[in-house]
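First comes the structure, then the notes that go with it.
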Ligand SMILES: CC(C)(COP(=O)(O)OP(=O)(O)OC[C@H]1O[C@@H](n2cnc3c(N)ncnc32)[C@H](O)[C@@H]1OP(=O)(O)O)[C@@H](O)C(=O)NCCC(=O)NCCS
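In our numbering, the protein residues as written are 152 to 363.
Structural data, given as structure tokens:
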């Protein structure tokens with residue numbers, strides 16, 4: 152049985168919200184609504200807190216969570232069971248696949264791809280050194296691909312167009328156009344066959360390519 156809950160959102164686009172999703176959860180008393188810049192689909196059991204801004208052509212899968220003060224660009228897909236923990240900024244044309252974790256204070260650029268269960272982190276010494284606690288998520292620059300199940304440590308920047316292999320652990324900043332493989336991640340220049348800019352078949356063809 153569905154609860155007696157009114158979605159709280161603004162926007163003039165076609166917004167489809169499936170049953171049992173919650174849009175605009177009042178995370179604190181007086182919290183604002185969700186703002187949609189255009190069309191959107193929010194699938195069942197997804198929860199989006201108030202004070203979230205979502206761009207045009209937004210898609211969320213099932214049972215995703217997007218917390219407050221998160222901004223999302225146009226043509227972004229947030230897969231099922233993804234958790235975005237708030238205070239996260241996401242560019243345009245981004246695909247976040249099933250089960251990824253994105254902690255607070257994280258920035259994702261545009262044309263970024265996160266494979267299933269990629270885990271980003273924001274606290275180098277969890278529950279230790281509390282007198283110095285200052286969460287700092289990674290910065291994932293434009294055109295980056297993160298492979299399935301990789302882990303990116305707190306505060307790390309993954310430079311533009313880089314490719315992180317499945318299962319790699321990224322422990323240090325990565326220069327642009329790099330490949331990162333293994334644990335700890337070994338960094339090398341991006342090989343020729345991985346230099347195509349990220350593009351999805353359903354993105355508009357006039358989208359500028361990486362490196363412009
Ligand atoms: C990194 C990657 C692009 C390499 O692919 P590739 O260029 O075809 O490379 P190869 O498969 O020829 O492997 C080259 C070497 O790297 C190793 N390797 C490949 N992927 C690896 C990985 N993820 N971690 C550790 N080693 C890896 C191979 O075992 C091989 O080692 P060898 O030379 O000792 O035999 C690919 O393996 C990868 O991880 N892709 C991401 C897949 C993904 O997460 N997709 C998400 C959507 S489902």
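Note that CB positions come from ideal geometry on N, CA and C, so glycine has one too. Model, not experiment: these values are computed from the prediction.
Locate the beta strand (DSSP E) running through residue 210, then write down its first and last residues.
-> 209 to 211
Pick helix, strand or coil for residue 186, following the three-state DSSP scheme.
-> strand
Beta-carbon proximity list for residue 166, same chain, < 6 angstroms, skipping 5 on both sides | 187, 191
Could you name each continuous beta strand (DSSP E) segment of 3 residues or more that falls completely within the stretch 290 to 361, going from the start of the chain to the end?
-> 329 to 332, 337 to 340
Cβ of residue 271 within 7 angstroms of any heavy atom in ligand 1?
-> no
Check: residue 344 C-beta below 7 angstroms from any heavy atom of ligand 1 | yes
Contacts around residue 172, its chain only, beta-carbon distance under 6 angstroms, and the 5 residues preceding and following it disregarded = 193, 195, 197
Are residue 319 and residue 307 touching if we call contact CB-CB under 8 angstroms?
-> no
Give the C-beta separation of residue 212 and residue 231 to the nearest angstrom, bearing in mind that I take them to be a contact with Cβ-Cβ under 8 angstroms.
-> 3 angstroms
CB residue 184 to CB residue 201, shorter than 8 angstroms?
-> yes
Please state whether DSSP places residue 363 in a helix, a strand or coil.
-> Because the pLDDT of residue 363 is 46, which lies under 50, any placement of that residue in the model is unreliable, and the number read from its coordinates should be weighed accordingly. Coil, per DSSP.
Going by the C-beta, is residue 298 closer than 7 angstroms to any heavy atom of ligand 1?
-> yes
Pull up the CB-CB distance for residue 217 and residue 227, whole angstroms please, since I reckon it's below 8 angstroms.
-> Contact flag wrong, Cβ pair sits at about 10 angstroms.
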